[in-house]
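Notes for the one structure printed next.
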Amino acid sequence: MIANYHTHTWRCRHADGTEREYVENAIKAGLKILGFSDHTPQVYPGGYRSSVKMLPSELEGYVDTVLSLKREYKDDIEILLGLETEYLYTLWEPLLKLIEPYPLDYMILGQHYLGDGMHEKYTGMPTMSAKYLQDYCSQTKEALETGKFLYFAHPDVVWYMGPGRIYEEEMTKLCRYCAQAGIPLEMNLLGVREGRNYPDERFWKIAAREGNSVIYGSDAHHAYHVYSPGAIAMANRYLKKWGIPRERVIDVIGREAKGWLR
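Going by this note's numbering, the final residue of the sequence shown carries number 777, and the count climbs one at a time with no gaps.
Listed below in structure tokens is the structure:
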């Protein structure tokens, strides 16, 4: 693993450590690219505040910190400025207006909530509702159609426990769209490390059949998780078992890999 685009900071309220610690650990591990992608702030109506995202007032400090480290460590590692973003229908345009002044390198799509993000449960909670699964697939597809996202983070986070044929049908359509649009799917190493409901074998067997490309994301909430060799080894075994060949695993997005090796 030579690049990680999925890195959080303390501002999301469920991560710890300083940004410098993440950078130092990435350098020590031999990463060539470290992308910070903390949970994007949202401009919620009515004074609503999320407990798992930075506040809009913290965005400037986040940007300044990452850009400062980018300059300081330019000879040691390439640091990118990003956001892990949710596509929330009524809040999308206000979000674009909020982030427009800042020199972001990328956004990744991480859909933790549906609708407007204020009235729905976390997508990783078990559900028997076919409609909930369908809403997840339609909302994320609409997000990806904006062309704003580098890749799709933990696309298999939605924990549908209903009939397998419905999961197969909905996720096949989503994977097929991503394959045709050239949008990589993230094998989320946090899910691997913690034994969460994702990675979901059902999803990745569909992705194998549909020809999707894959990228590993550390989803680091602690500095020592920037590079997790045990989780990477396990993810390699999963993909081999589920039928995704190594040549479909992307090391670096959007540029030539310069001969770097995983």
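We put the beta carbon where it would ideally sit given N, CA and C, even for glycine.
Every value quoted in this text rests on a predicted model; they were computed, and no experiment measured them.
- Going by beta carbons, T600 and E534 fall outside the 8 Å limit.
- Counting C-beta atoms within 10 angstroms of its own C-beta, K756 has fewer than 16 neighbours from the protein chains shown and is therefore classed as exposed.
- Counting along the chain, the unbroken alpha helix (DSSP H) around G679 starts and ends at 679-696.
- In this chain, the beta strand (DSSP E) harbouring S552 covers 548-554.
- Y604 carries a helical assignment under DSSP once its states are collapsed to helix, strand and coil.
- Residues V741, Y742 of the same chain have their beta carbon placed closer than 7 Å to that of A544, with the five preceding and five following residues left out of the count.
- For E593, DSSP records a beta bridge to I548.
- Under the 10 Å beta carbon count, Y647 is surrounded by 16 or more other beta carbons and is classified as buried.
- For T642, the closest of N712, H529, E539, I765 by C-alpha to C-alpha distance is N712.
- DSSP, read as helix, strand or coil, puts L619 in coil.
- For C693, the closest C-alpha among the options I721, A748, N751, K585 is that of I721.
- Restricting attention to G532, V538, F718, the CA atom closest to the CA of N519 is found in V538.
- Contact between P571 and L613 holds, with the beta-carbon distance rounding to 6 Å and staying under 8 Å.
- The Cβ-Cβ distance between Y651 and I698 does not fall below 8 Å.
- For E701, the enclosing beta strand (DSSP E) begins and ends at 700-703.
- It is roughly 15 Å from the alpha-carbon of K663 to the alpha-carbon of Y617.
- Distance check between K585 and each of I594, P609, Y675 places I594 closest, using alpha-carbon atoms only.
- Under DSSP, T661 forms no beta bridge with any residue.
- Taking a contact to require three or more Cβ pairs closer than 8 Å, the region 549-557 and the region 519-529 qualify as touching.
- Beyond the five residues adjoining it in sequence on each side, L689 comes within less than 8 Å, by CB distance, of C652, T655, K656, P670 in the same chain, given in chain order.
- Rounded to the nearest whole angstrom, the C-alpha separation of R763 and L700 is 10 Å.
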